[in-house]
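In our numbering, the protein residues as written are 884 to 1090.
Have a look at the structure below, then the notes.
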């Protein structure tokens, strides 16, 4: 469970030793990374208990912290105590889980590999919408050549945002030396580079 979460989150494996004496060398880099990220503190200061079963409630806390999920929901689960309430509410609000029934989350139930796989996938999808950059689609060249003092037209570029948000496309024109032009209709002969940028409503940018 620790290894999967660390890999999905893209955590580095060079975190300082977390001080757990019951973790072997294969697991240590991932568990150290989770400890450094504040996702887990282990069972005690010196033990992580890597061979123990993990509950759905414990996974809920890991996933909520790992993906920094936020949100509240009107929980109808009767088996979620205050230690897990924030985490479970965030998972429900972000569509990661609907519980084991309409009134239970299964907080103390041992987690199943299939459930955990779904949790990781859905949490990753929930956060991907806020971080995925727009895609630029080039209908023309990214450079233009001016000959005989003629002005040029900027090639058309469109953008898609992948997450149903408005996208604004801008461009900057520079000459061969990298100097930015103050006007796009310069008549000085030469080849000019056009750099396009697309920014969506969430502030995600692609260049």
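We put the CB at the ideal spot given by N, CA and C, even for glycine.
As the structure is a computational prediction, the values presented were derived from the model and not from experiment.
Q | Three-state secondary structure assigned by DSSP to residue 1076 | A | Sequence index remark: in the chain shown, residue 1076 carries index 193 (1-based). Note: residue 1076 maps to strand in three-state DSSP.
Q.
Between which two residues does the alpha helix (DSSP H) holding residue 1050 run?
A. Mapped onto the chain shown, residue 1050 falls at position 167. Counted as a single uninterrupted DSSP element, the stretch harbouring residue 1050 is not any alpha helix (DSSP H) but the beta strand (DSSP E) occupying residues 1050-1057.
Q) Rounded C-beta distance between residue 946 and residue 1006? I'm assuming under 8 Å. A) Residue 946 sits at position 63 when you count from the first residue of the chain shown. Residue 1006 sits at position 123 when you count from the first residue of the chain shown. The C-beta distance from residue 946 to residue 1006 rounds to 5 Å, short enough to meet the 8 Å contact threshold.
Q: Leaving aside the five residues before and after residue 944 along the sequence, list all residues of the same chain whose C-beta is less than 7 Å from its C-beta, in chain order.
A: Here residue 944 is taken as the residue at index 61 of the chain shown, counted from 1. Hits under 7 Å: 967 and 970.
Q: Within its chain, find whatever has a CB closer than 8 Å to the CB of residue 1063; leave out the 5 residues flanking it on each side and keep chain order.
A: The residue given as residue 1063 occupies position 180 in the chain shown. 1055, 1056 and 1057, listed in sequence order.
Q | Status (buried if at least 16 other CB within 10 Å, exposed otherwise) for residue 1030 | A | In the chain shown, counting from the first residue as 1, residue 1030 sits at position 147. Exposed is the call here.
Q | Beta-carbon gap between residue 1003 and residue 891 smaller than 8 Å | A | Counted from its first residue, the chain shown places residue 1003 at position 120. Counted from its first residue, the chain shown places residue 891 at position 8. Residue 891 sits close to residue 1003, with the two beta carbons spaced by under 8 Å.
Q) Quick one: is residue 977 buried, meaning 16 or more other Cβ sit within 10 Å of its Cβ, or exposed? A) As a first step, residue 977 is located in the chain shown; it is residue number 94 there, counting from the start. Under this definition residue 977 is a buried residue.
Q.
Quick test of the definition: if touching needs 3 or more C-beta pairs under 8 Å, does the stretch 953-964 touch the stretch 929-939?
A. Verdict: no, contact absent.
Q) How would you label residue 918, buried or exposed, when you count the other beta carbons within 10 angstroms and need 16 or more for buried? A) Reading the chain shown from its first residue, position 35 is the one you call residue 918. Under this definition residue 918 is a buried residue.
**Q.** Simplified DSSP state of residue 903, which is helix, strand or coil
**A.** Within the chain shown, numbered from 1, the residue matching residue 903 stands at position 20. In this structure, residue 903 counts as coil in the three-state DSSP scheme.
Q: Provide the residue span of the alpha helix (DSSP H) that contains residue 912, from first to last.
A: Your numbering for residue 912 matches position 29 in the chain shown. Run containing residue 912: 911-919, per the alpha helix (DSSP H) assignment.
Q: Tell me whether residue 1028 is buried or exposed, calling it buried when 16 or more other Cβ atoms sit within 10 Å of its Cβ.
A: Along the chain shown, read from residue 1 onward, the residue named residue 1028 stands at position 145. Exposed is the call here.
Q: Buried or exposed for residue 941, please, with buried defined as at least 16 other CB atoms from any protein chain shown within 10 angstroms of its CB.
A: Mapped onto the chain shown, residue 941 falls at position 58. The C-beta of residue 941 has 16 or more other C-beta atoms within 10 Å across all chains shown, which makes the residue buried.
**Q.** Exposure of residue 949, with buried meaning 16 or more beta-carbon neighbours within 10 Å
**A.** Taking the first residue of the chain shown as 1, we reach residue 949 at position 66. Taking all protein chains in view, the Cβ of residue 949 is crowded by 16 or more other Cβ atoms within 10 Å, so the residue is classified as buried.
Q | Sheet register partners of residue 992 (DSSP bridge) | A | In the chain shown, the residue the question calls residue 992 occupies position 109. Beta-bridge pairing links residue 992 to no other residue.
Q. Does the distance from the CB of residue 979 to the CB of residue 1009 come in under 8 Å?
A. One-based indexing of the chain shown puts residue 979 at position 96. One-based indexing of the chain shown puts residue 1009 at position 126. The answer is yes: Cβ separation under 8 Å.
Q | Proximal residues to residue 983 (C-beta, below 6 Å), its chain only, five neighbours per side dropped | A | On the chain shown, position 100 is the one that residue 983 refers to. If we look at residue 983 and ignore the five residues flanking it on each side, its Cβ neighbours are 989.
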